[in-house]
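First comes the structure, then the notes that go with it.
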């Protein structure tokens, strides 16, 4: 049996002492911002969103600490089963999925709806990290070091794009490709991929986006390019988001004083557009503060990745924090009209069940990597090997 070399505390108190409490406190702060803003946009009421969000955060933070206690060998052993199970759930969405606002992305579990595409963001990172941990270094640049990971990315991406969910598909693909690069592909290969991307962009510009994207996706591109395009329908949300965000000025109108949200000018503000409500009430200073907190979280996670001895832990942490960074960047850019609307929430602040649990589960893995940073799981380590 392979020996698992690990110089970390084995007892629970010792592991809790090793926990990176800076990240925990920063995440609690972001969650508190989320509850406060959902209380505000709900009309200074705990229902319908704030109380549920607080409960989910409580469950998520407890789960995060539990996840952090498990050693890397456990998650290495579970990486492929978790990926496979989540892929099957994505297939199940096609069969029994619940359709909301024209998108079939959820499985109804009664008290809550499960969105497998959110779970896949974590599952894919674990699976790719396991693959490259087991792969001999000299084979990273070989065809087998690329074809299998691309298939692992492509299978869920194909299912998610059909839901349809372009935002999650792009985020999943970007994270997967980032892990492939971080695994050690040469700069020549990266330049080759960039060249192919340029060729693809030129091809799309010649062939026409309208022949590739669905009509509603094409409308979002038109809305992004022209703020005056269909201002009462397709462009209503993006335009109102910018108005709401800008109306806060430097320091905002004050907590519970946001008129755009109170008067209903921006529907569904509790989800993808929650940052605009925050900007209206706390202004530019508040918005920069939230971004700074997120930047600190990312910096702490990158620091953890640097200290990890094993490829599995290092790629897991970098992949998960890359996903988180993309969440934040895409959401802020979307509500600021720097990107077309793609439906990506702001982690821990936007209302949502599966996304809260998956994000906190991901940070459980990151915190666990910090505790077990000196662990060196052998190639092909199983659940208990």
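In the working numbering, the protein residues as written are 1027 to 1411. Heads up, the beta-carbon is just placed ideally off N, CA and C, and yes, glycines get one too. Predicted model, so just to flag it, every value in this text is computed and none were measured.
Exercise. Are residue 1385 and residue 1372 closer than 8 Å when you measure CB to CB?
Worked result: no
Exercise. What is the DSSP secondary structure of residue 1075, reduced to helix, strand or coil?
Worked result: coil
Problem set entry | C-alpha gap between residue 1359 and residue 1115, whole angstroms | 30 Å
Exercise. Given residue 1173, which residues of its chain have a CB within under 7 Å of its CB, disregarding the five upstream and five downstream residues?
Worked result: none
Exercise. Under a three-way DSSP split, which group does residue 1141 fall into?
Worked result: coil
For this session: Report the residue from 1306, 1394, 1304, 1319 whose alpha carbon sits nearest the alpha carbon of residue 1346.
Result: 1394
Problem set entry | Where the beta strand (DSSP E) containing residue 1130 begins and where it ends | 1129 to 1134
Exercise. DSSP three-state call for residue 1126: helix, strand or coil?
Worked result: strand
Exercise. Since residue 1340 is in the alpha helix (DSSP H), which residue starts that stretch and which ends it?
Worked result: 1337 to 1361
Exercise. Residue 1266 to residue 1291, Cα distance in whole Å?
Worked result: 7 Å
For this session: Using the Cα positions of residue 1389 and residue 1130, report the straight-line distance between them to the nearest angstrom.
Result: 27 Å
Exercise. If you draw a straight line from the C-alpha of residue 1338 to the C-alpha of residue 1180, how long is it?
Worked result: 21 Å
Problem set entry | Presumed contact (8 Å Cβ cut-off) between residue 1169 and residue 1146, rounded CB distance | Their Cβ separation, rounded to whole angstroms, is 25 Å, which puts residue 1169 and residue 1146 out of contact at 8 Å.
Problem set entry | Residue environment, residue 1015, which counts as buried when at least 16 other CB atoms sit within 10 Å | Because the chain spans 1027 through 1411 in this model, residue 1015 falls outside it and cannot be assessed.
Exercise. Got a sec, what are the start and stop residues for the alpha helix (DSSP H) residue 1328 sits in?
Worked result: 1300 to 1333
Exercise. By how many angstroms is the C-alpha of residue 1052 removed from the C-alpha of residue 1063?
Worked result: 17 Å
Problem set entry | Under the three-state DSSP convention, the category residue 1232 falls into | With a pLDDT of only 49 at residue 1232, under the threshold of 50, the placement of this residue in the model should not be trusted; the figure read from the coordinates follows. Helix, per DSSP.
Exercise. Rounded to a whole number of angstroms, what is the C-alpha to C-alpha distance between residue 1101 and residue 1152?
Worked result: 8 Å
For this session: Could you tell me if residue 1135 is buried or exposed, where buried requires 16 or more neighbouring beta carbons within 10 angstroms of its beta carbon?
Result: exposed
Exercise. Do residue 1112 and residue 1352 have their C-beta atoms closer together than 8 Å?
Worked result: no
Problem set entry | For residue 1377, the three-state DSSP class (helix, strand or coil) | coil
Exercise. Which residues mark the beginning and the end of the alpha helix (DSSP H) in which residue 1189 is found?
Worked result: Here residue 1189 belongs to no alpha helix (DSSP H), and DSSP marks it neither H nor E.
For this session: Starting from the Cα of residue 1175, find the closest Cα among 1320, 1326, 1211 and give me that residue.
Result: 1211
Exercise. If we call anything under 8 Å between Cβ atoms a contact, is residue 1008 one with residue 1149?
Worked result: Nothing in the structure corresponds to residue 1008, since the chain is present only between 1027 and 1411.
Exercise. What separation, rounded to the nearest whole angstrom, lies between the Cα atoms of residue 1084 and residue 1164?
Worked result: 45 Å
Exercise. Alpha helix (DSSP H) containing residue 1063: first to last residue?
Worked result: 1047 to 1067
For this session: Would you mind stating whether residue 1144 and residue 1381 have Cβ atoms separated by less than 8 Å?
Result: yes
For this session: Check whether the Cβ atoms of residue 1377 and residue 1132 lie closer than 8 Å to each other.
Result: no
For this session: With a 10 Å radius around its C-beta and 16 neighbouring C-beta atoms as the bar for buried, classify residue 1038 as buried or exposed.
Result: exposed
Problem set entry | Whole-angstrom distance between residue 1222 and residue 1269, CA atom to CA atom | 38 Å
For this session: Assuming residue 1255 contacts residue 1248 (C-beta within less than 8 Å), just tell me the rounded distance between them.
Result: 5 Å
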